[in-house]
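Q: Here it is: the structure, laid out below.
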Amino acid sequence: MIHMGSTWVNALLAGIGLGAGAVFLLAAARRPAQRPGCLAHALMGLGMAGMFSPWGDPVPPVAGALVFVVVAAWFAAALLRTGRVGLTESTHLVVGPAAMVLMYLVPMGHAPTDTTVVDPAHAGHTMTMGGGGGSPWLSAVALGLTGYFVWYAWILAGRLRPAAPTASGGGTVAVAAPALATGTRIVVGAHVVMCGLMAVMFLGSV
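When you line the sequence shown up against the numbering used here, it's residues 12 to 217, in that order.
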């Protein structure tokens with residue numbers, strides 16, 4: 012469990028993670044060409060919901076980490092085969108699962124205090140919100156990942172904004188690009204939400 016200091020805040024964030032995961036599961040069913048990526052995002056949403064849950068994460072840290080090691084390796088291999096390494100969705104499908112592995116296995120921030128209730132079955136999952144007292148290099152990694160997810164959320168959010176019409180050489184106004192379909196906007200919005208949740212996790216550990 013990620014300790015935010017309030018049960019209802021944890022429950023809210025867990026619910027948001029579940030909602031995002033559900034959106035990606037539905038997208039996987041409706042978009043066969045994008046199914047692998049949608050399923051990976053669904054797993055990340057469900058994984059984060061468990062981490063935020065105030066009732067304890069039902070997934071053992073090692074098991075969760077192993078799942079996302081496989082996911083990250085699968086997409087990394089696919090990325091290397093295409094040779095299109097860059098700041099793209101394909102790269103994000105490697106960074107996201109790798110970040111999940113870090114969340115599951117690496118202690119970050121303060122260890123729980125004597126007033127913090129921790130599920131004994133998940134005592135190794137100690138990425139607690141509150142910062143300070145952690146390894147400097149882990150804090151640096153967490154800060155870097157926070158910046159990455161905030162940046163990627165901003166890029167994705169830009170797709171939700173309608174393109175502004177531009178004036179042509181003759182003084183007439185060109186027609187703006189059509190707005191995204193509702194289903195696509197929902198999926199892009201779920202991507203933004205997922206990036207936000209990951210940024211919250213890492214920022215709170217710095």
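All residues carry an ideal CB built from backbone N, CA and C; glycine is no exception.
Being a predicted model, the structure only gives us computed values, none of them experimental.
For the alpha helix (DSSP H) containing residue 93, name the first residue and the last one.
A: For the purposes of this step, residue 93 is taken as the residue at position 82 of the sequence shown. Counting along the chain, the alpha helix (DSSP H) containing residue 93 begins and ends at 72 to 93.
Q: Among 163, 171, 205, which one has its Cα closest to the Cα of residue 195?
A: Here residue 195 corresponds to residue number 184 of the sequence shown, with the count starting at 1. When C-alpha distances from residue 195 are compared across 163, 171, 205, the shortest belongs to 171.
Q: Kindly confirm or deny that the segment 16 to 32 and the segment 81 to 94 touch, where touching means at least three C-beta pairs closer than 8 Å.
A: no
Q: What's the gap between the Cα of residue 92 and the Cα of residue 100?
A: Walking along the sequence shown from the start, residue 92 turns up at place 81. Walking along the sequence shown from the start, residue 100 turns up at place 89. Cα-Cα distance, rounded: 15 Å.
Q: Output needed for residue 202: all residues of its chain with C-beta closer than 6 Å, excluding positions within five of it in sequence on either side, in chain order.
A: By one-based count along the sequence shown, residue 202 stands at place 191. Within the same chain, residue 202 has close Cβ partners 167.
Q: Quick check on this structure: which residue in 34, 22, 62, 204 has the alpha carbon closest to the alpha carbon of residue 50?
A: By one-based count along the sequence shown, residue 50 stands at place 39. Closest option to residue 50, Cα to Cα, is 34.
Q: Helix, strand or coil: how does DSSP classify residue 43 here?
A: Counted from its first residue, the sequence shown places residue 43 at position 32. In the structure shown, residue 43 sits in a helix (DSSP, three-state: H, G or I).
Q: State the start and end residues of the unbroken alpha helix (DSSP H) segment that holds residue 117.
A: For the purposes of this step, residue 117 is taken as the residue at position 106 of the sequence shown. No alpha helix (DSSP H) holds residue 117; DSSP gives it neither H nor E.
Q: Using only alpha-carbon positions, find the residue among 77, 103, 146 that is nearest to residue 112.
A: For the purposes of this step, residue 112 is taken as the residue at position 101 of the sequence shown. Among 77, 103, 146, the Cα nearest to that of residue 112 belongs to 77.
Q: What first and last residue would you give for the alpha helix (DSSP H) that runs through residue 193?
A: Locating residue 193 in the sequence shown gives position 182, counting from the first residue. Its alpha helix (DSSP H) spans residues 193 to 216.
Q: Is DSSP giving residue 172 helix, strand or coil here?
A: Position 161 of the sequence shown, counted from the first residue, corresponds to residue 172. The answer is coil: DSSP assigns residue 172 none of H, G, I, E or B.
Q: Once the 5 residues before and after residue 161 are set aside, which same chain residues still bring their CB inside 6 Å of it?
A: Taking the sequence shown and counting its residues from 1, the one referred to as residue 161 is at position 150. For residue 161, where only same-chain residues beyond five positions count, the Cβ hits under 6 Å are 210.
Q: Is it right to say residue 126 is buried, meaning 16 or more other beta carbons lie within 10 angstroms of its own, or is it exposed?
A: By 1-based counting over the sequence shown, the position of residue 126 is 115. The pLDDT assigned to residue 126 is 44, lower than 50, so where the model puts this residue is not dependable, and the model offers no usable value.
Q: According to DSSP, is residue 66 helix, strand or coil?
A: Looking up residue 66 in the sequence shown gives position 55. The answer is coil: DSSP assigns residue 66 none of H, G, I, E or B.
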